[in-house]
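Participant: Quick one: this structure, given as structure tokens, is what I'll be asking you about.
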Amino acid sequence: MHVSQPPFLRSRWVLAGCLLLLITPASRAEFRVEPASVQLRDAFDGRQLLVFGGQSDLTRQAQYQSQSPAIATIDATGYITPHADGTTDIRVTAAGETKVVRVTVSGVGSSRAIDFKTEIVPILSKTGCNAGGCHGKASGQNGFRLSLFGFDAEFDHAAITKEARGRRIFPASPESSLLIVKATAKVPHGGGKRLQEQTDEYRRLLQWIAAGAPAAAPDAAVVTRIRVIPEDRVLQDQQQQQLAVLADYSDGTTRDVTRQAEYQSNLDVVASVDKEGLIQARAQSGEAAIMARYMGYVAVCRAMVPHGEPLQSLPNWQPVNRIDELAAKKWMKLGLQPSPPCDDATFLRRVTLDLAGRLPHAEEVTQFLADTQPNKRALAIDRLLESPDYAAFFAMRWGSILRNSNLAGSERASYAFHNWLKDQIARNVPYDQFVRGLVAASGEWQDAPAINWFWQNRDDQLHQTTADVAQVFLGVRLQCAKCHHHPYERWGQAEYYGLAGFFTRLGRKSFGEPPPYFTAANVTTGELNPLTGKTPEPRFLDGIEPKFGPADDPRHALVDWMAKPDNPFFAKALVNRYWGHFFGRGLVHEVDDLRETNPPSNPELLDFLATEFVRSKCDVKAMIRLMLNSRVYQLSSDPIDANRKDRQNFARFYARRMIAEVFLDSVNSATGVKERFNNMSLNARAVDLPHENFGSYFLDTFDRPRRVTTCDCERSTGATLAQVLLLANSEDMENKLHSDQGRIAKALKAKKPVREIIDELYLQSVSRLPTDRERQRIERFVGQSPDPAAAFADVLWTLVNSKEFMFNH
1 MHVSQPPFLR SRWVLAGCLL LLITPASRAE FRVEPASVQL RDAFDGRQLL
51 VFGGQSDLTR QAQYQSQSPA IATIDATGYI TPHADGTTDI RVTAAGETKV
101 VRVTVSGVGS SRAIDFKTEI VPILSKTGCN AGGCHGKASG QNGFRLSLFG
151 FDAEFDHAAI TKEARGRRIF PASPESSLLI VKATAKVPHG GGKRLQEQTD
201 EYRRLLQWIA AGAPAAAPDA AVVTRIRVIP EDRVLQDQQQ QQLAVLADYS
251 DGTTRDVTRQ AEYQSNLDVV ASVDKEGLIQ ARAQSGEAAI MARYMGYVAV
301 CRAMVPHGEP LQSLPNWQPV NRIDELAAKK WMKLGLQPSP PCDDATFLRR
351 VTLDLAGRLP HAEEVTQFLA DTQPNKRALA IDRLLESPDY AAFFAMRWGS
401 ILRNSNLAGS ERASYAFHNW LKDQIARNVP YDQFVRGLVA ASGEWQDAPA
451 INWFWQNRDD QLHQTTADVA QVFLGVRLQC AKCHHHPYER WGQAEYYGLA
501 GFFTRLGRKS FGEPPPYFTA ANVTTGELNP LTGKTPEPRF LDGIEPKFGP
551 ADDPRHALVD WMAKPDNPFF AKALVNRYWG HFFGRGLVHE VDDLRETNPP
601 SNPELLDFLA TEFVRSKCDV KAMIRLMLNS RVYQLSSDPI DANRKDRQNF
651 ARFYARRMIA EVFLDSVNSA TGVKERFNNM SLNARAVDLP HENFGSYFLD
701 TFDRPRRVTT CDCERSTGAT LAQVLLLANS EDMENKLHSD QGRIAKALKA
751 KKPVREIIDE LYLQSVSRLP TDRERQRIER FVGQSPDPAA AFADVLWTLV
801 NSKEFMFNH
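Yeah, the sequence shown ends on 809 if you go by full-length UniProt numbering, and it's all consecutive.
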């Protein structure tokens, strides 16, 4: 019989039901276990459970209980180990709740073969046996040598089973094998104890040796990729996160390799990781990439330790372009707030140093400060981009990267190459055409100056050129893949020698320094691909293998592939390099090391910049305008409490010391003394020098690069005692400060007032007027001095030795 309820009572029941729907399921959903069920297919299969309570990892705090330990057990870290065929339940209790995970075990009773390549080699890697500091180094260790990181399983099998008359293994008594007793430290071992008894790895090695230590089966399933769970994680100080690593195989199966994988953090001060994949957040806020490596494959978990509570908005932030929006999106996620914008004087100094490689002149500063146009900063950027100083400065920067040198008699060619770079930059030649002019350069140096780039690689023309193309234009450090699989990337010898294949027909004449270069119809190198024993064949990094006729130049096809809009490396490498130049740090750090295990600090921002660069048809100046007109670039370098610990996300401008050439020019500009360089015009600056062999103690002291590598790391950012002494009391500095042709002498000779001289020194050195307090103290100091010239020299010496002068801030 239906009984109607009063309306107010029905309403209360409805409200209660809604509250239950809102509260109960949500709270229960906070607690979860991954995976919900597990299937283990043999005695060496295992699975790492992950336990979550809302946003917290409870894997190491949870309580575990197997209903049938005879079938499968689970340890305190949440790792399941099979023991017999059958089914059991694992009860997982945490935060007052319990979940049940059904575990099904099969294949334990049947003894399967242990594959050497896919199961034994990972043990050698996990225990460090094949690392570069142990048996994996070129000479091996104590007569026992393995391939580095296990990338040559055939070689490793022979070394273990056949070398030294096979004494390293003993199938009749596996536990007595030298390989085992050394690793378990039962006999003296230089590497110490590397293997624990009664572990899965120990049992697997014993079973393999007992089976006669067979070589890798040719039809054994191989790893095609690995995955890490979770892929990203926000952690608080001292919070933990357990990782699980899954390997997908060529036969369609998936195995848990959490205990077999190797782990490494790229920033231990933010988040470290142990050998079992447990991430530990540290006191330093920021982001760390946690790498998992297994069988030559890598996967990354991004561990983020916020600087503060996540923000919903930035009230005082008004973005002017997409860069500002994407930067702000990341700041809010990290709990960062940006510093205020820099003042006009600071901006002009910053942008002039970054674009023209010089200090702004005193007149430029005065005019800019007096300008009332709202778009004067954008106009200043445009003016500097069209100035000859921009082309000269970036020609020097690219000349260092491309190692333009006068070695081996190429003095005239180095000048021609420098002028070619300057012309390309001044005319804003699209970047893909600029790269084509380098990579596919042919002819004599008078007509094709870029061949000097090949000439600098003449002693190792194939391999150095291959490595340089990959690093400079693709941001891929491919060098180590020449000999073995890249330890932190997916690149192996197949990719390295495939890229080298585009240069195997690069020929050169036997006269001239540099000689004429050309593309030959036949192979010009005797180098062989160690994988095939044949001349390297062209192969793009995406795996496609193009074919070429005798009349074709494979290098043009390589540039065509690089410049394709969907190329994942080309545009990103360039915009990241320029971002690093203007912002003091690349979105990917280092700027030429783009890889999965070194992710960008702001992936969305890097993708946007690369897309815009492709959309503009590789217009470098348009990309520079986009970056420099952003509010992010124009932030103050002074930290605030809300971004004081930021080192990766550009919530303030990162002050950096001027590079050697710019610093010398700045000292000369401040003192009003010109530097004289042999075979250069009287007005030549240090940034105008075409190569590195112009004698200058100042430039060498401040780490002018020797141009022997393509890496910006040739320039050191650290200060040295020699630098301090040079600036503080060297004869060279004294001569500049007290020169009869210097700024101070000319100002006194023109009988300028003290106040005007002080303003000029400040404007020309730190690009601002002195404060009232600074001016008053200097006027008093100069007025009390019996030698005004010496007093002004002391003032200028103080300015030049200040951080405000030495740093671009």
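Quick reminder that beta carbons are idealized off the backbone N, C-alpha and C, glycines included. For clarity, every value in this text was computed on a predicted model and none was experimentally measured.
Three or more C-beta pairs under 8 Å: does that hold for the stretch 489-496 against the stretch 382-397?
Facilitator: Flag = no, the stretch 489-496 and the stretch 382-397 do not touch.
Participant: In the DSSP assignment, what residue or residues form a beta bridge with Met291?
Facilitator: Residue 291 sits at position 291 when you count from the first residue of the sequence shown. Partner(s): Gln264 and Val300.
Participant: Under 8 Å, do Leu609 and Val632 count as touching if we go by C-beta distance?
Facilitator: Taking the sequence shown and counting its residues from 1, one reaches residue 609 at position 609. Taking the sequence shown and counting its residues from 1, one reaches residue 632 at position 632. The answer is no: Cβ separation not under 8 Å.
Participant: Are Tyr294 and Val257 touching if we call contact CB-CB under 8 Å?
Facilitator: Stepping through the sequence shown from its first residue, residue 294 is reached at position 294. Stepping through the sequence shown from its first residue, residue 257 is reached at position 257. Yes, the pair counts as a contact, with Cβ atoms nearer than the cut-off.
Participant: Tell me which same chain residues have a C-beta within less than 8 Å of the C-beta of Trp797, skipping the five on either side of it?
Facilitator: Along the sequence shown, read from residue 1 onward, the residue named residue 797 stands at position 797. Closer than 8 Å at Cβ, skipping near neighbours: Met733 and Leu737.
Participant: Quick one: give me the first and last residue of the alpha helix (DSSP H) that Phe582 is part of.
Facilitator: The residue given as residue 582 occupies position 582 in the sequence shown. Phe570 to Phe583 is the extent of the alpha helix (DSSP H) around Phe582.
Participant: Cα separation between Ser767 and Arg350?
Facilitator: Position 767 of the sequence shown, counted from the first residue, corresponds to residue 767. Position 350 of the sequence shown, counted from the first residue, corresponds to residue 350. Taking the straight line from one Cα to the other gives about 10 Å.
Participant: Beta carbon of Ala563, beta carbon of Ser339: below 8 Å?
Facilitator: The residue you call residue 563 lines up with position 563 of the sequence shown. The residue you call residue 339 lines up with position 339 of the sequence shown. Not in contact: Ala563 and Ser339 (Cβ atoms no closer than 8 Å).
Participant: On the criterion of 16 or more Cβ atoms from any shown chain inside 10 Å, does Thr720 qualify as buried, or is it exposed?
Facilitator: For the purposes of this step, residue 720 is identified with residue 720 of the sequence shown, where counting begins at 1. Thr720 is exposed by the Cβ-count criterion.
Participant: By alpha-carbon positions, which one of Ser414, Ala244, Pro536 and Ser716 ends up nearest to Gln456?
Facilitator: Numbered from its first residue, the sequence shown carries residue 456 at position 456. Among Ser414, Ala244, Pro536 and Ser716, the Cα nearest to that of Gln456 belongs to Ser414.
Participant: Identify whether Glu309 lies in helix, strand or coil by the three-state DSSP scheme.
Facilitator: Indexing the sequence shown from 1 puts residue 309 at position 309. Of the three classes helix, strand and coil, the one that applies to Glu309 here is coil, per DSSP.
Participant: Can you tell me whether DSSP reads Leu796 as helix, strand or coil?
Facilitator: The residue given as residue 796 occupies position 796 in the sequence shown. Leu796: helix per DSSP, three-state reduction.
Participant: CB-CB under 8 Å to Gln196, same chain, minus the five flanking residues each way: which ones, in chain order?
Facilitator: The sequence position of residue 196 within the sequence shown is 196, counting from 1. Excluding positions up to five away in sequence, the list reads Thr184 and Tyr202.
Participant: To the nearest whole angstrom, what separates the beta carbons of Ala216 and Phe116, a pair I think is in contact under 8 Å?
Facilitator: Along the sequence shown, read from residue 1 onward, the residue named residue 216 stands at position 216. Along the sequence shown, read from residue 1 onward, the residue named residue 116 stands at position 116. Rounded, the Cβ-Cβ distance is 5 Å, consistent with contact.
Participant: In or out: Gly501 buried (at least 16 other Cβ within 10 Å) or exposed?
Facilitator: Counting from 1 along the sequence shown, the entry for residue 501 is found at position 501. Answer is buried; the Cβ neighbour count reaches 16.
Participant: Spatial neighbours of Thr701 within its chain, please: CB distance less than 6 Å, with the 5 preceding and 5 following residues excluded, ordered by chain position.
Facilitator: Within the sequence shown, residue 701 is the residue found at index 701, counting from 1. Excluding sequence neighbours, Thr701 sits near Ala722, Gln723 and Leu726.
Participant: Can you tell me where the alpha helix (DSSP H) holding Ala271 begins and where it ends?
Facilitator: Here residue 271 corresponds to residue number 271 of the sequence shown, with the count starting at 1. Unbroken run through Ala271 is the beta strand (DSSP E), Ala271 to Val273; no alpha helix (DSSP H).
Participant: List the DSSP bridge partners of Gln141.
Facilitator: What you label residue 141 is simply residue 141 of the sequence shown in a count that begins at 1. Answer is Phe144, bridged to Gln141.
Participant: Is Asp646 helix, strand or coil when you go by DSSP?
Facilitator: Residue mapping note: residue 646 aligns to position 646 of the sequence shown, counting from 1. Residue state, collapsed to three classes: coil.
Participant: Kindly indicate which three-state DSSP category Thr104 falls into: helix, strand or coil?
Facilitator: In the sequence shown, the residue the question calls residue 104 occupies position 104. Strand at Thr104.
Participant: Which residue wins for smallest C-alpha separation from Asn679, given the options Phe548, Met332, Glu590 and Glu411?
Facilitator: Taking the sequence shown and counting its residues from 1, one reaches residue 679 at position 679. Closest by alpha carbon: Glu411.
Participant: Which of helix, strand or coil does DSSP assign to Lys162?
Facilitator: For the purposes of this step, residue 162 is taken as residue 162 along the sequence shown, with counting starting at 1. Coil, per DSSP.
Participant: Measure the C-alpha to C-alpha separation of Asp344 and Leu748 and round it to an integer number of angstroms.
Facilitator: The residue given as residue 344 occupies position 344 in the sequence shown. The residue given as residue 748 occupies position 748 in the sequence shown. Answer to the nearest angstrom: the Cα atoms are 29 Å apart.
Participant: For Phe698 and Leu58, I'd like the C-alpha separation in whole angstroms.
Facilitator: Looking up residue 698 in the sequence shown gives position 698. Looking up residue 58 in the sequence shown gives position 58. So the two alpha carbons sit approximately 58 Å from each other.
Participant: Going by DSSP, what residue range makes up the alpha helix (DSSP H) through Thr611?
Facilitator: Stepping through the sequence shown from its first residue, residue 611 is reached at position 611. It spans Pro603 to Arg615 - the alpha helix (DSSP H) in which Thr611 sits, taken as one unbroken run.
Participant: Express the C-alpha separation of Ile226 and Tyr297 in angstroms, rounding to a whole number.
Facilitator: Within the sequence shown, the letter at position 297 stands for residue 297. Within the sequence shown, the letter at position 226 stands for residue 226. Approximately 6 Å, taken between the alpha carbons.
Participant: Helix, strand or coil: how does DSSP classify Asn729 here?
Facilitator: Taking the first residue of the sequence shown as position 1, residue 729 is located at position 729. Residue state, collapsed to three classes: helix.
Participant: Where DSSP assigns a beta bridge to residue 827, which residues make up the other side?
Facilitator: The structure shown has nothing for residue 827, since the chain only spans 1 to 809.
Participant: How long is the line joining the alpha carbons of Phe518 and Arg436, rounded to whole angstroms?
Facilitator: The residue you call residue 518 lines up with position 518 of the sequence shown. The residue you call residue 436 lines up with position 436 of the sequence shown. Those two C-alpha atoms are separated by around 14 Å.
Participant: Does the distance from the C-beta atom of residue 816 to that of Leu499 stay below 8 Å?
Facilitator: Any property of residue 816 remains undetermined from this structure, which presents the chain solely from 1 to 809.
Participant: Measuring straight from C-alpha to C-alpha, what distance separates residue 810 and Glu119?
Facilitator: This structure does not reach residue 810, given that the chain is present from 1 up to 809, and the question cannot be answered.
Participant: With 16 as the cutoff for other CB atoms within 10 Å, does Ser177 come out buried or exposed?
Facilitator: As a working mapping, residue 177 is identified with position 177 in the sequence shown. Its Cβ being crowded by 16 or more others within 10 Å, Ser177 is buried.
Participant: Out of Phe569, Leu379 and Pro306, which has the shortest C-alpha to C-alpha gap to Ala470?
Facilitator: As a working note, residue 470 is residue 470 in the sequence shown. Of Phe569, Leu379 and Pro306, the residue nearest in Cα terms is Phe569.
Participant: DSSP on Ile451, reduced to helix/strand/coil?
Facilitator: Indexing the sequence shown from 1 puts residue 451 at position 451. Here Ile451 sits in helix by DSSP.
Participant: Buried or exposed for residue 817, going by 16 or more other Cβ atoms inside 10 Å?
Facilitator: Shown here, the chain extends from 1 to 809; a query on residue 817 therefore has no answer.
Participant: Given 8 Å as the limit, is there contact between the stretch 103-112 and the stretch 142-156, that is, 3 or more CB pairs closer than that?
Facilitator: No, the stretch 103-112 does not touch the stretch 142-156.
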